[in-house]
Each structure stands twice: as C-alpha cells, then as structure tokens.
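Novice: If you count by the working numbering, then the sequence shown holds residues 21 to 932, one letter each, in order.
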Amino acid sequence: MHIRGVVVDVPESKTVTTSYGESELLEVTVRPDRGAGEATTVTLWEDWTETAEYLEPGMELAVYDATEREYQGETQYTTGKETMVVVEPDFLVDVTDIRSWVQCPRLYYLNKLDGADVSEPLVKGTIVHEVFGDLLRGADLEAAVDRRVEESGLDLGLLGADAGSMRETVKQHASAIEGWLQQGRLTDADNWRSEQLLVSERYGLKGRADAVRRGAPVELKTGKNTRRDPRFHDKVQAGCYALLLGEQADEGDGSVTHSPDTGTLLYTKNAAVDDDEESGDLSPAKEFSISTGFLQFILRARNHLAAVEATGDVPTGYEADAKCEYCFEQDTCMAVSGRLDQESKAGQVGTPLPEDERAYFERFYRAIEEERRAVHREYAKLWEQSPNERADDDRALVDLEPTGRRQLDDGRWELRARGTGAVSKIRTGDVVLASDGDPIGGGAELARVERLGSADNDEIVVTTDEPVDLRRLDVYPSELSADRLLTSLHDALLLQPPEWKAPLFERRGPTFDRPDETFVDNNEAQNEAVRTAVGAEDFALVHGPPGTGKTYTLARIVAELLDRDQRVLVSAFTNRAVDNALEALEDEGITDIVRYGTESGVREDMQAYRLDQSGEPDDCAGELQDASVVAATTASCGSRALKTQAFDVAVVDEAGQLTEPGTLAAIARADRFVLVGDHQQLPPVVQAESSETQSALGSANGGQLRADLQESLFERLIETYPRAGVLLDRQYRMSQRIQAFASAEFYDGQLRPATAEVAGQSLADLDGVAVDSLPARLRDAVSFIDPGGTQVGNTNPEEAETVTDLVSTYLDAGVDPADIGVIAPFRAHVAEIRKKLTDGVTVDTVDRFQGSSKQVIVVSFVTTGALDGPIFEDYRRINVALTRAKKALVLVGDADSLSQDDRYRRMVEWAE
Ligand code: SF4
Numbered sequence: 021m022h023i024r025g026v027v028v029d030v031p032e033s034k035t036v037t038t039s040y041g042e043s044e045l046l047e048v049t050v051r052p053d054r055g056a057g058e059a060t061t062v063t064l065w066e067d068w069t070e071t072a073e074y075l076e077p078g079m080e081l082a083v084y085d086a087t088e089r090e091y092q093g094e095t096q097y098t099t100g101k102e103t104m105v106v107v108e109p110d111f112l113v114d115v116t117d118i119r120s121w122v123q124c125p126r127l128y129y130l131n132k133l134d135g136a137d138v139s140e141p142l143v144k145g146t147i148v149h150e151v152f153g154d155l156l157r158g159a160d161l162e163a164a165v166d167r168r169v170e171e172s173g174l175d176l177g178l179l180g181a182d183a184g185s186m187r188e189t190v191k192q193h194a195s196a197i198e199g200w201l202q203q204g205r206l207t208d209a210d211n212w213r214s215e216q217l218l219v220s221e222r223y224g225l226k227g228r229a230d231a232v233r234r235g236a237p238v239e240l241k242t243g244k245n246t247r248r249d250p251r252f253h254d255k256v257q258a259g260c261y262a263l264l265l266g267e268q269a270d271e272g273d274g275s276v277t278h279s280p281d282t283g284t285l286l287y288t289k290n291a292a293v294d295d296d297e298e299s300g301d302l303s304p305a306k307e308f309s310i311s312t313g314f315l316q317f318i319l320r321a322r323n324h325l326a327a328v329e330a331t332g333d334v335p336t337g338y339e340a341d342a343k344c345e346y347c348f349e350q351d352t353c354m355a356v357s358g359r360l361d362q363e364s365k366a367g368q369v370g371t372p373l374p375e376d377e378r379a380y381f382e383r384f385y386r387a388i389e390e391e392r393r394a395v396h397r398e399y400a401k402l403w404e405q406s407p408n409e410r411a412d413d414d415r416a417l418v419d420l421e422p423t424g425r426r427q428l429d430d431g432r433w434e435l436r437a438r439g440t441g442a443v444s445k446i447r448t449g450d451v452v453l454a455s456d457g458d459p460i461g462g463g464a465e466l467a468r469v470e471r472l473g474s475a476d477n478d479e480i481v482v483t484t485d486e487p488v489d490l491r492r493l494d495v496y497p498s499e500l501s502a503d504r505l506l507t508s509l510h511d512a513l514l515l516q517p518p519e520w521k522a523p524l525f526e527r528r529g530p531t532f533d534r535p536d537e538t539f540v541d542n543n544e545a546q547n548e549a550v551r552t553a554v555g556a557e558d559f560a561l562v563h564g565p566p567g568t569g570k571t572y573t574l575a576r577i578v579a580e581l582l583d584r585d586q587r588v589l590v591s592a593f594t595n596r597a598v599d600n601a602l603e604a605l606e607d608e609g610i611t612d613i614v615r616y617g618t619e620s621g622v623r624e625d626m627q628a629y630r631l632d633q634s635g636e637p638d639d640c641a642g643e644l645q646d647a648s649v650v651a652a653t654t655a656s657c658g659s660r661a662l663k664t665q666a667f668d669v670a671v672v673d674e675a676g677q678l679t680e681p682g683t684l685a686a687i688a689r690a691d692r693f694v695l696v697g698d699h700q701q702l703p704p705v706v707q708a709e710s711s712e713t714q715s716a717l718g719s720a721n722g723g724q725l726r727a728d729l730q731e732s733l734f735e736r737l738i739e740t741y742p743r744a745g746v747l748l749d750r751q752y753r754m755s756q757r758i759q760a761f762a763s764a765e766f767y768d769g770q771l772r773p774a775t776a777e778v779a780g781q782s783l784a785d786l787d788g789v790a791v792d793s794l795p796a797r798l799r800d801a802v803s804f805i806d807p808g809g810t811q812v813g814n815t816n817p818e819e820a821e822t823v824t825d826l827v828s829t830y831l832d833a834g835v836d837p838a839d840i841g842v843i844a845p846f847r848a849h850v851a852e853i854r855k856k857l858t859d860g861v862t863v864d865t866v867d868r869f870q871g872s873s874k875q876v877i878v879v880s881f882v883t884t885g886a887l888d889g890p891i892f893e894d895y896r897r898i899n900v901a902l903t904r905a906k907k908a909l910v911l912v913g914d915a916d917s918l919s920q921d922d923r924y925r926r927m928v929e930w931a932e
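1. Which stretch, first to last residue, makes up the beta strand (DSSP E) that contains Y924?
2. Within 10 angstroms of its Cβ, does N408 collect 16 or more other Cβ (buried), or is it exposed?
3. Measuring from the CB of T116, is there a heavy atom of the ligand SF4 at a distance below 8 Å?
4. State the Cα-Cα distance for the pair G1 and L729, rounded to the nearest angstrom.
5. Mapping the DSSP letters down to three states, classify R504 as helix, strand or coil.
6. W65 lies in the beta strand (DSSP E); which residues open and close that run?
7. Tell me the DSSP bridge mates of F667?
8. Going by CA-CA distance only, name the one from A690, D859, W930 and V882 that's closest to D800.
9. Along the beta strand (DSSP E) that carries V452, what are the first and last residues, could you check?
10. Can you tell me whether R615 is buried or exposed? The criterion is at least 16 other CB atoms within 10 Å of its CB, across all chains shown.
11. Using DSSP with H/G/I as helix, E/B as strand and the rest coil, what is Y380?
12. So the candidates are Q759, V562 and L81; which of them puts its Cα closest to the Cα of E739?
13. So, with DSSP's three-state summary, where would you put S710?
14. Could you check whether the Cβ of A355 sits closer than 8 Å to any heavy atom belonging to the ligand SF4?
15. Would you call D341 buried or exposed, if buried means 16 or more other Cβ atoms sit within 10 Å of its Cβ?
16. Using the three-state DSSP reduction, which class does M104 fall into: helix, strand or coil?
17. Excluding the five sequence neighbours on either side, which residues of its own chain have a C-beta within less than 8 Å of the C-beta of E712, listed in chain order?
18. CB of K365 to nearest heavy atom of the ligand SF4: below 8 Å?
19. Would you mind giving the Cβ-Cβ distance between L286 and V256, rounded to the nearest angstrom? I have them listed as a contact below 8 Å.
20. To the nearest angstrom, report how far apart L127 and P773 are at their CA atoms.
21. Compute every distance between the C-beta of A342 and the non-hydrogen atoms of the ligand SF4, then say whether any falls below 8 Å.
22. For Y629, which of D599, D607 and T653 has the nearest alpha-carbon?
23. How big is the Cα-Cα spacing for Y263 and S279?
24. Are V83 and R54 close, meaning C-beta to C-beta below 9 Å?
25. Would you call the CB atoms of R432 and V451 closer than 9 Å?
26. Mark K907 as exposed unless 16 or more other C-beta atoms lie within 10 angstroms of its C-beta, in which case mark it buried.
27. Per the contact definition of three or more C-beta pairs closer than 8 Å, is the region 141-161 in contact with the region 170-178?
28. If you follow the alpha helix (DSSP H) that V578 is in, where does it begin and where does it stop?
29. Residue ranges of each beta strand (DSSP E) run of no fewer than 3 residues wholly in the region 353-439, ordered along the chain?
30. Any idea what DSSP makes of G837, helix, strand or coil?
31. Identify the continuous alpha helix (DSSP H) that holds Q645 and give its terminal residues.
32. By the DSSP assignment, the beta strand (DSSP E) with V36 in it spans what residues?
33. Report buried or exposed for F693, applying the criterion of at least 16 other Cβ atoms within 10 angstroms of its Cβ.
34. Does the distance from the C-beta atom of S501 to that of L684 stay below 9 Å?
35. Could you have a look at D117 and say whether DSSP puts it in helix, strand or coil?
36. Alpha carbon to alpha carbon, what distance is there between L45 and V105?
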C-alpha cells in the first residue's frame, strides 16, 4: 500500500514499549492528493524516525509498501520491514550528489559552488569511463584509448599533460577492464549494457550508471582499493543505481524487492599496483551484497539532502560524521566558511566579505536554487503529463515511427524515425530523451538530435549510446545552467578583488579616461560609446535600441581594444548573438578569434574559428591561450576550459537578456567589462514561476527571488550609473511612422531615424513591388486589422486566416517571401499559420524574432478575452514585436480586448 501527501504536522518522536521491547516512532500527519485530501496519520518506526530532524510541514512525503489499518474510523499507515519513505519525491536527487552527501553534506554544497576545475584525476577519470563504455560496445582497446585521449586534447593541454603518458596510464586501466570483461563473458548468462540513464519517479533519484550487468549495477573507479570490500561511499553510489534499476524492473506493485541484491565496484588502478610493494586484495572487481536495510539507509541520506534543498539551508558538516582531517576539500571548506561567515565543522579562515556582499550572495544563491527547483518540476512533468499533453506543451515529439538504425564506427548508434510534422521546443543539437514511447518506465536513452524533420523530409535522426525504438523524443531538463550560475556567483564574489567589486556594490562609481579620438565619424552616439568603452577603468554600458547598430559599435569597441593590446572575451546569452558579433568583427578585419562552442551550436560560416578540442594537447591549448579574442556564450564562460583563461576586457552583447549571475559568468573572467544591450527589449529568461514551481516552503519570497533574476545587471547598472551608459539614439531600421510608438513609449522619445532615407522608406523602394495593387488599408506603413475572431485554446482560426490572406496580398504585390515575418504569441498559432503559408515566410514567436528584422511584419495577438498570453507578460515583448518591421507593420487583433490596457489601447490608436 502506498500513501503520498503534503505533511501537515511533524511532532516529536516518542519511545514506546512493544512486544519486541522499546521502539521509537514518529506520527506524521499528511494530506494526500497534494494537500487536498483528508488528513491521515503515517507512523514511521525506528530508523525512519530520524526523518523528524528535517521533515517540515509543507513538504511532500511518499511512503511505499506501508501497512494500512483502520483506527477509530480513520485509515492509518505504518512502516514495515520493506517500506521505503521518500521526502520531496518530485526533487530528483542526482546519485553522485548522494555519494558526496554521505561523505559530508558540506562537501556536496562546496561541489555545487566551485564546480570542477581541470585536474589530472578528473581528466583521466573521464577518459577511462569513456573507454569503459567503448569496450562494452565492443570497441578495440588500443583504438578506443587513442581516440578518447585525442578527444581530450584541450583539457590535457591546459593541464600541461603529455598525451603519450596519459595514453599509457589509460591503457593500464583499460586492460584491467578488458581482463575483467573477458572473465565475465565466459558466462553465457552475461548481458551487459554501457552507461544507462536512470530516472526514478518513485524515489526521486536520477543518475547514469556506468554499466549494468545481469540487471545489477557496475561502478567504475579509477582509484585503487586493496581491501576486500568496496569503499563505503562507492557502495552507496552503486546502491542508488540498484534502487533505480529495481524501479525499472518493478511490475507495478511498488515493492523494493525488485532491486538487484548485488553490486560490483571495479577499481581499475588495482591492476597497476606493484604486488611486491603492496599487499591486500589486488583484484579490481569487488562484489558486495545490497540489503533492503542498506537501500533504506541510502534513501534516508537522499531524503535529508532533498529536505535541505527544499529549505535552502547551508550544510555545516556536523550533519554527518565527517572527518575533516582526511578531507581533500578542507582548505576550500574553511575559506568558503570564512568568507561567507558560515558555520563549518572544519572552522573558518580569512576575513568575511562585507555584509552587503554576503547578503547578495545569499539572495542570488536562493534565486538560483529556485531555478533548479523549476528544472526539477520539469523532470516531474515527464511522468505527470500524458504524451499528448507533453506534445501540446511543445515538450515532446510523440507518435514517431521508427525507420531504421545503424551502429556508427565509434560504437554509438544512429536512430531514425518519421515525424508527424508537429512542432516543439526541441532543436537540432539538443540533448533529449529518446524513448520507445515511455521515457520513465520503458526503454530510454539520452540522445543528441542530429536532424529534425523539415517540410521536404520528415525524418528525424538522433545518436545514442545504445539503441532504442525511436517512438518519442522529450525535452530533457538540464541543471547545468543552475550549476554554472552558482559557480559564477562564487567566482565573482569570492575570487575577485575588492576593487573590482566596489562599483558593483556601489562603494564608488565607475571611472573613465576617455581617449580624445574619433572612432566613428558619422554617428556621434556610436563614437561616444566607443570612447566610453575604451576609456572605462571599471565598466561601460552601451544602450542600443533596435536597429541602432549596436553590433557594429561592439565590433568597433573590440577593434580599438585590440589596438591597445588588450585580450578580449566576447560573449552573449545565445550562440546566435555570439556568431552575429563575430560576423561584425570579421567586417572590421579581425580574424585572430577563437570561437569556443559545440559543432552544432556554432553557425556554419563561423566554424573556421571554432576551437577543435581534440588533437595534440599543446596545439589545442595554445590555440586558445594565444587568441586575442575568445568568443563564447555566457554559459560556456563558466566551463572548465574557459575558467582557466583571463582577459583584460569582457564585452557582453544582449546583456539586457542576462540575469546578474549569468552576466557574472563572463565578466568574472576579465579585469573590466562592457555591457551592450537594451533593457527595454526581452528580459532575462527565468524558469521559476512564482507559484507553480515552488514548494509551500519556498513560496513566501518566491516572487522576490524571481524578480531578482529578472532584472539584468545591465539594467541595474544603467539605472545606478546613468553616466556610465551611452544611448545609441539613431536607428537605421524603421521608417519614421513605424518607430514613433516605440520611441515614445520605451525610449523617452529620444530614438530617431539615422537619415532621411531611413525615415522615409516605404514598400515602393523594393524592386518589383507594386504598392498600388495593395488595398488602401495596407498602403500606410502601419495598420491595424480586427478580424473579429475568437480565441480557441492557443490559436484563433479567423485570425490565422486573416494573417495568411494578408501575407498572400503582400506576396501578390511582389514582396519577396524572405522579406515577410509573422509574429504570434503561441507555438500552436505559429504552427497553424505555418501550415497555410508558402515556404520562405518566417513565422515564429517574439522571443525567436529578437535580433532580426523584416521589410514587412505582421503581428497576430490571438487573444479575444483577458490579456494573458506570453506576449502580454511584459510590455517589452511588444516593443520587440513592433520594432522588427522596416517598411510595413500590420497588427492583427481584437481591438476591444487590447484596449483593456492603456498602453495597448494607445498602440491600437496609433496603428489605426
Ligand atoms: S572539511 Fe570537514 S566539514 Fe568541510 S567538507 Fe570536508 S569533511 Fe566536510
């Protein structure tokens, strides 16, 4: 019997005398059905009573395999021998985090803060694990080692390590693996599979098992262990996978008995130990048995971690019996506790940061963790939503029809399937969950999307480690962004000197030594922006409304910085913006550039600059270290490789779209920085929604946490230090008529056309366009059309019809399809319009239009009731939508509905 509900009351535990002697129990009151059901009592016995230390009202509690009984008209539940208790089951704890938590909870916290630096054990461990996977997939040992060492060229180069000696070391480990595999293969019943992603809905766990053999976990460790038994923490890790595998094997009765009862740890360094020098058990493989009691212990550690995450508390090290004197993180632990004035079992060293910096750290730490919880809510949707709900939410492509598979040279698999033409958030290059239709209980693999279906060819192609019947693809949420934001916060606050932080914390204003030179001779604002940026001793801010040439200005800034022998990091939130900036740098004649990014992330014409991370270590590292300009997304700025690099100046584009910690990721790598952006366009993307994603515990200040992330550093600084900013006030994009509304509403009327030609442009300027053939209402540069439709779900059929008619009218008048863009608030409406339109016309949501422009833009508002679509979440979205048009702008919507809001009423009046 299972019970799951929201905890209402957690009293003290008590001791009672039973027929077995004295026992401890804890009577927890829960309300099933997410708090909506009748309150009931769950009695936790013996070791489960330690849950009282961290369980709080508001948390979710799930109890599997409990005994049910009727007591005074109430159904009650009590734990038995096989019962498993899970706190906050929707929080998917990673297996490796449980391992660190069991060593010391503070170690888990520190790992989150400072990320993993490039180190020899880490690089070696990664290579050996990869080779392990290759061997399991049948690869040749020598070839696998050579390939994997070569792929780690950059990491090895940054370490100053030699590829030849790494190859030898890895071969020793790999030989141990191979020897052991050959022993295993003697048994007919052996069946293997390499790295397997496992997600547990029941236990709130996720992880990638190194290997699974006959249904039991095998974990690989590149260290040595000459004892007979595996190390305790290693057993914990393998035990977690046993829980996960048990859930996979379970046929629905929810019992823990399906978990494998043995696990294997493979200590590959044992094979390299000289048995003359060391005694003990030198066999690499150590099997151990997994009891239900051990699995319950693991689950209690997991529960404690999940509860601490729910409350946002910082672990001290006292929670476990940690031995600080043996801890390899002792120095970091003491330094972090000293600087942040935290309690730690290891004690503190150093002076605490000023109080405002600690408060800032605390505030953003919590906000980032709230983002992490939002990611966990996304995981939960994998099982909470039906396949069709996920498809409707653009989170999955379902009903795919497998069309083939083949094994690639490296042992991985290429899977193909025919799509249905549906749209989703999934993009080429994304890492997604490929499954046979059931991503949790069925066969599922992490996959990279190589090709998504197009209008001419609806075949979808992905690559995976192991084959699976490709019937469904799901967006796979990633915590990487939260991890990187935390390390950025840590690096900026704990590693940067006080002088660097002074203006950020308003201890002093930024200073400038502007050169007395002309850098741009036909645009005073752009010239001033370059002077300010070049002369900035702390930072400069370039405010670039739509079409004002901010990317050109950015390139001029970089060119002048290079002339002054400065090393520059160019960064932005999206790959698209980074590549646009590179294109502008090329136009300035700058080619000494290294683009850091994945092959699928970098634009085709910028691949020549992309850093190949595989090859000779010295060449790979030298290419990065010697580049005057390194370009990467802000997320990549927090990567292991870029954390080794230092720059004189970081120039960040689209800075208005970045959260503060997101901006810190780039600027913490440099002495000074220049932020280029527009806080009147799209704000930073924040996942956490103030109500939906928060537990009852976190919701009190959830709105504030979200607000903290929604204000960019760019916006905060430009408001605090207006004199550090330069507004690019001349725009080269829109006609006078089109720009008028945006200028008045968003830029205090300061935006103006750069030239008379820009101001007076019209469709008549385009070759082959017969403006006379357009109906009168479309001859004005701006028009409003109310088709009188009705919103149905996330579309409006009449509006979609009107939009397609409008587009046809422009096409008939001779406008090139590539010159027309349609902006709609919902993906469903986008899909509806796309179905009806000729190829070549771009139809998309406003977020995907930022940064681009078209001669003709049609905006479809869809709504006919309350203004609650995504486009209405923030006025700045409307600013973006309206400022994509150069010569003609048509607004299609329900005038009455739009007029409910003063600003949209003014917009309708302006357009009519
Ligand atoms: S030094 Fe002590 S408290 Fe700190 S992480 Fe290590 S074991 Fe934990």
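Glycine is no exception: its CB is placed at the ideal position from the N, C-alpha and C atoms.
Specialist: In terms of the structure at hand:
1. Unbroken run through Y924 is the alpha helix (DSSP H), D922 to A931; no beta strand (DSSP E).
2. Per the 10 Å Cβ criterion, exposed.
3. Here the distance from the Cβ of T116 to the nearest heavy atom of the ligand SF4 is not below 8 Å.
4. This structure gives no information on residue 1, because the portion of the chain shown stretches from 21 to 932.
5. The answer is helix: DSSP assigns R504 an H, G or I state.
6. W65 -> beta strand (DSSP E) spans T60 to W65.
7. For F667, which the question treats as bridged, DSSP gives the partners A690.
8. Taking only the C-alpha atoms, the option nearest D800 is W930.
9. In the DSSP assignment, V452 falls within the beta strand (DSSP E) that extends over V451 to S455.
10. Classification for R615: buried.
11. Per DSSP, reduced to three states, the secondary structure at Y380 is helical.
12. If we check each option's Cα against that of E739, V562 comes out closest.
13. At S710, the pLDDT of 45 sits below 50, so the modelled position is not reliable; the number obtained from the coordinates is stated separately. Taken through DSSP and simplified to helix, strand or coil, S710 comes out as coil.
14. No, the ligand SF4 has no heavy atom inside 8 Å of this Cβ.
15. D341 is exposed by the Cβ-count criterion.
16. Strand, per DSSP.
17. The pLDDT assigned to E712 is 40, lower than 50, so where the model puts this residue is not dependable, and the model offers no usable value.
18. Yes, Cβ of K365 sits closer than 8 Å to a heavy atom of the ligand SF4.
19. Your pair L286 and V256 does not check out as a contact, with CB atoms roughly 16 Å apart and the cut at 8 Å.
20. Roughly 57 Å separates the two Cα atoms.
21. Yes - the ligand SF4 has a heavy atom lying nearer than 8 Å to the Cβ of A342.
22. Checked all of D599, D607 and T653; the closest Cα to Y629 is D599.
23. Note that residue 263 corresponds to Leu in the displayed sequence, not to Tyr. In a straight line, the C-alpha of L263 is about 6 Å away from that of S279.
24. No, the Cβ-Cβ distance between V83 and R54 is not below 9 Å.
25. For R432 and V451, no; Cβs fall outside 9 Å.
26. Burial call: buried.
27. Under the 8 Å Cβ criterion, the region 170-178 counts as touching the region 141-161, having at least three qualifying pairs.
28. Counting along the chain, the alpha helix (DSSP H) containing V578 begins and ends at K570 to D583.
29. For the region 353-439, whole beta strand (DSSP E) runs of length 3 or above, ordered along the chain, are 421-427 and 433-438.
30. One detail in the question is off: residue 837 reads as Pro in this sequence, not Gly. The three-state secondary structure of P837, taken from DSSP, is helix.
31. Going by DSSP, Q645 is part of the alpha helix (DSSP H) stretching over P637 to D646.
32. Here the beta strand (DSSP E) through V36 covers K34 to T38.
33. Counting C-beta atoms within 10 angstroms of its own C-beta, F693 has 16 or more neighbours from the protein chains shown and is therefore classed as buried.
34. Contact flag unset, no.
35. Of the three classes helix, strand and coil, the one that applies to D117 here is helix, per DSSP.
36. Here the C-alpha atom of V105 lies approximately 14 Å from the C-alpha atom of L45.
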